[in-house]
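Structure first, commentary second.
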Amino acid sequence: MKFAHQLILNAVPAWIQYYVDYDRLKKITYQIERIKVQQKAKAALEEQQLMTSSAEEDDARFRHELDMQLDKVTKFYDRIEIETIEQAKAVRKQFDELGYDLPEKTLRDTASQNPEAAVALTRMDSYRLRLANNYNMPILRRTGTNKSDLPDVQEFNQQLNFRFRCGELYVRLHDLASYIQYNKTAFDKITKKWDKITGSNLRQTYYEDVVEQVPMFRKDRIFQLDTAMSLIQDMYAAVFTQGDTHKAIDELKWRVRDQIEIERNTIWQDMVAMERKAHDAHAVEPEPGYYVPYMHKFFVSRRNIRRACLFLVSVAMYVILMCIDTLGDKAGSKCLALLIFSAMLWAFECLPLFATAYLIPLLAIAMDIILDENGNKQPAADAAKETFASMFNGTIMVLLGGFAIAAALSKHGITKAFAGVILSRAGTKPSIVILVNMYLAVFLCMWISNVATPVLCFSLAQPILRTLAGDSKVGPCLIMGISLASCIGGLASPISSPQNIIAIQLMQPNPGWGKWFGAAIPLAIITTLTTWGLLLLYFRPARTTPRINAITYEISGRPSYSQIWVTIVCLATIALWCAETALDEFFGDNGTIAVIPFVLLFGTNMLSKTDLNNFLWSVVTLAQGGMALGFAVQRSGLLDIIGHRIADGVQDMEVLGILFIFGILVLVFATFVSHTVAALIILPIVQQVGNHLHPSHPNLLIMATGLTASVAMGLPVSGFPNMNAIMQEDMTGKPYLHMKDFVLCGIPASIVAGVITILLSYGIISGLGVDT
864 MKFAHQLILN AVPAWIQYYV DYDRLKKITY QIERIKVQQK AKAALEEQQL MTSSAEEDDA
924 RFRHELDMQL DKVTKFYDRI EIETIEQAKA VRKQFDELGY DLPEKTLRDT ASQNPEAAVA
984 LTRMDSYRLR LANNYNMPIL RRTGTNKSDL PDVQEFNQQL NFRFRCGELY VRLHDLASYI
1044 QYNKTAFDKI TKKWDKITGS NLRQTYYEDV VEQVPMFRKD RIFQLDTAMS LIQDMYAAVF
1104 TQGDTHKAID ELKWRVRDQI EIERNTIWQD MVAMERKAHD AHAVEPEPGY YVPYMHKFFV
1164 SRRNIRRACL FLVSVAMYVI LMCIDTLGDK AGSKCLALLI FSAMLWAFEC LPLFATAYLI
1224 PLLAIAMDII LDENGNKQPA ADAAKETFAS MFNGTIMVLL GGFAIAAALS KHGITKAFAG
1284 VILSRAGTKP SIVILVNMYL AVFLCMWISN VATPVLCFSL AQPILRTLAG DSKVGPCLIM
1344 GISLASCIGG LASPISSPQN IIAIQLMQPN PGWGKWFGAA IPLAIITTLT TWGLLLLYFR
1404 PARTTPRINA ITYEISGRPS YSQIWVTIVC LATIALWCAE TALDEFFGDN GTIAVIPFVL
1464 LFGTNMLSKT DLNNFLWSVV TLAQGGMALG FAVQRSGLLD IIGHRIADGV QDMEVLGILF
1524 IFGILVLVFA TFVSHTVAAL IILPIVQQVG NHLHPSHPNL LIMATGLTAS VAMGLPVSGF
1584 PNMNAIMQED MTGKPYLHMK DFVLCGIPAS IVAGVITILL SYGIISGLGV DT
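Letter by letter, the sequence shown follows residues 864 to 1635 in our numbering.
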């Protein structure tokens, strides 16, 4: 979470206007950065001498803003100290009146403290404490009294009042410590940010020489507050917990937690309300729908109605196909019904994709379409065993190994450091910077997937985006370039995207990583270059912005041991994957190699259980469902039937013509649905058609069609990178991209990349001899 959000969410609501206005200081910093970049660009365009404000003037302006914030914070701090000092004295006086004694250690510690410790006890705000606390805990009497065991009404009221005051003071002390810490951190972070952007030295000359010398920010202040809180804990323990300090601390901390939870919820609601009021464009509109007649509390949205209708249409189609022997083969016809039903549910997204995936083995086993080698129906127990065995194999293990590598590279900052170093050398020319960002996205997709890559690249591009003028086309071009390059990067390596894993699973013999790289990397380089050219032709970014802000990235010392270890493990795993065909007798399968990074990274605590929980398990589930569908299609005989019939229809065509048919089919299909879903449905059919050709070319058709699926990037729904891109907004809430940008630029780029992929993959893959 960004510090600005932390500051707002953790601030004491009644004090919110007295905290450092971190957002304002940050905007001033970015404003200075934007002005300097635009002045440089204007001077370069007009070939004039650069005329900008001096660094001393900028520092003086910013110091003035810092002085105002520091004055606000310290004055408020001094004021609440004076307002609450008498209340703190009253608490101690009331404790003495109750007749309890503090432990000798507490008396010595308190007496030994500087008199400022007593003042620290009372530096608190008098904001309203909610009166919903529970005070029905048993009231304890003083030791050695001769009175009755039951306290009288007066003493009961005194102790009740004292409990309330102790809890109130303890909560205020906690809030005061938080107030000091967050304001001090705010000054530290904003001066660091200023120095990084402007090249100044304000952190040393202002934060260290001015802020840290203010009494409220001195190092001993938190210690004094802790001492005051300890005093309250001992007084509370003496009266209410029979001297058990640990129990007293627990009760007082519960008061703090309850207060924080209530206040944080309140401030969150207020913050959302204010944000929606100020930025109507950000407010989420109520989803249109209808109330059910006679059930006015039951609301049904239009989206759910549409999904329900499409689901009923899919079920109706499934029932019709189940009742008709469409292929002249009972098991094959029933499996065709399952195939079409699954495709419709995936295409319409009537159910979540992963839920539909797990519906497939349920129906496949219940429909009796799993046949044995002799074409006879298998018992349900045997069919279930084989179906579930097909859902976890070496392919799934490679997927999990890829997730482990991606998580480790991201968690330990290796990818961010690599990307930062590359981008810092890209220069200031918009076209070159966009191209470097695109190739960087392609490279990162090879190792951390095309789901995580655009998120990382968009964050790294923020120093460029925040300095652009409102009418600049560099922002939209850069955002779209990263998203399209991330889609293309989905073909670059076997672990870039799930459709590659599916393609490799179907290819016999396994081509290995070396042959995949041999075909995929030239395609990625060429299609990225043509896509970049189309982007420049459409957006013309240099017309309004001849120069942009250069990204600066500083390498912080030597790499850590954890970074070195993660890098060694990842490189070793990739090397073993590339040499898998030569090591087949030892490892047997790529999935065995994928176990190595999984064990080494988790076993050495480079990854934790939380990282395991954050894996894209929905993708794993989807792949498993697709494998179950492929197993059912094969064992029911449907695949053989479809393969023979399509092969008979295209037997007079050249292999390149067949590849064009399937390439265009998967390109269109993957444009509107998930690339993985398109591969799951089409690639098994491609495999069977390739097997029935003379001579057979199954691996050529499978690999080329699988590569083509990744360059389907014409619409926002064509993949996660595009979905992420169209949601990107500038600092004013204005989106960078619109649907027309994808229609006018994304679709042509997808068509050009698809044609290039089909043609080049045919030549390259044929030369690599993947079918031999």
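C-beta atoms are modelled at their ideal positions from N, C-alpha and C, and glycine is treated no differently.
Apart from the 5 residues on each side of it in sequence, residue 1496 sits with its Cβ closer than 7 angstroms to the Cβ of 1198, 1202, 1502, 1547 in its chain, given in chain order.
Apart from sequence neighbours up to five positions away, the residues of its chain that approach residue 870 with a beta-carbon distance below 6 angstroms are 885, 1045, ordered along the chain. For residue 1234, DSSP records a beta bridge to 1240. If the five residues before and after residue 1062 are omitted, its C-beta is found closer than 8 angstroms to the C-beta atoms of 918, all from its own chain and listed in chain order.
The C-beta distance from residue 1545 to residue 1528 rounds to 6 angstroms, short enough to meet the 8 angstroms contact threshold. Counting only runs of 3 or more residues that sit fully inside the region 1018-1064, no beta strand (DSSP E) segment turns up.
When the alpha-carbon of residue 1352 is set against those of 1310, 1323, 1050, the nearest one is in 1310. Residue 1517 carries a coil assignment under DSSP once its states are collapsed to helix, strand and coil. Your pair residue 1187 and residue 1177 does not check out as a contact, with CB atoms roughly 16 angstroms apart and the cut at 8 angstroms.
Distance check between residue 1297 and each of 1470, 1525, 1395, 1509 places 1395 closest, using alpha-carbon atoms only.
Assigned with DSSP and collapsed to three states, residue 1422 falls in coil, not helix or strand. As DSSP reads the structure, residue 928 sits in no beta bridge.
Secondary structure in the region 1475-1522: the alpha helix (DSSP H) runs of 4 residues or longer, each lying completely within the stretch, are 1480-1498, 1501-1513 in chain order.
Taking one beta carbon from each stretch, the region 1583-1595 and the region 1331-1350 have 3 or more pairs nearer than 8 angstroms; the two touch. A residue is called buried once 16 or more other Cβ atoms fall within 10 Å of its Cβ, and residue 1473, having fewer, is exposed. Looking only at 928, 1209, 1319, 1070, the smallest Cα-Cα distance to residue 1170 is reached by 1209.
Residue 1616 holds the alpha-carbon nearest to the alpha-carbon of residue 1389 among 1476, 1504, 1616, 1308. For residue 1337, the enclosing alpha helix (DSSP H) has its first and last residue at 1337-1351. Residue 943 and residue 1112 have their alpha carbons spaced roughly 25 angstroms apart.
In this structure, DSSP gives residue 1326 a helical state, which the three-state scheme calls helix.
Restricting attention to 1168, 1451, 1040, 1070, the CA atom closest to the CA of residue 874 is found in 1040. The Cβ-Cβ distance between residue 1621 and residue 1522 falls below 7 angstroms. In this structure, DSSP gives residue 1598 an extended state, which the three-state scheme calls strand. Looking from the CA of residue 1558, the closest CA among 1431, 1629, 1623 belongs to 1629. If you compare the alpha carbons of 1306, 1450, 1569 with that of residue 1367, the shortest gap goes to 1569. Contact between residue 1387 and residue 1305 holds, since their C-beta atoms are separated by about 5 angstroms, short of 8 angstroms. Annotation: residue 1264 to residue 939 spans about 55 angstroms, alpha carbon to alpha carbon.
Runs of the alpha helix (DSSP H) lying entirely within the region 1353-1382 and spanning at least 4 residues, in chain order: 1361-1369. Rounded to the nearest angstrom, the gap between the Cα atoms of residue 923 and residue 1071 is 17 angstroms. Where residue 1608 is concerned, there is no enclosing alpha helix (DSSP H), because DSSP gives it neither an H nor an E. Sorting 1347, 1487, 1498, 1214 by C-alpha distance to the C-alpha of residue 1257 places 1487 at the top. Judged by DSSP in its simplified three-state form, residue 1212 adopts coil rather than helix or strand. Residue 932 counts as buried, since at least 16 other C-beta atoms from the protein chains shown sit within 10 angstroms of its C-beta.
Sequence-distant partners of residue 1593 (beyond 5 residues in either direction) whose C-beta falls short of 6 angstroms from its own C-beta are missing from its chain. Residue 1346 is a Cβ neighbour of residue 1584, given a cutoff of 7 angstroms.
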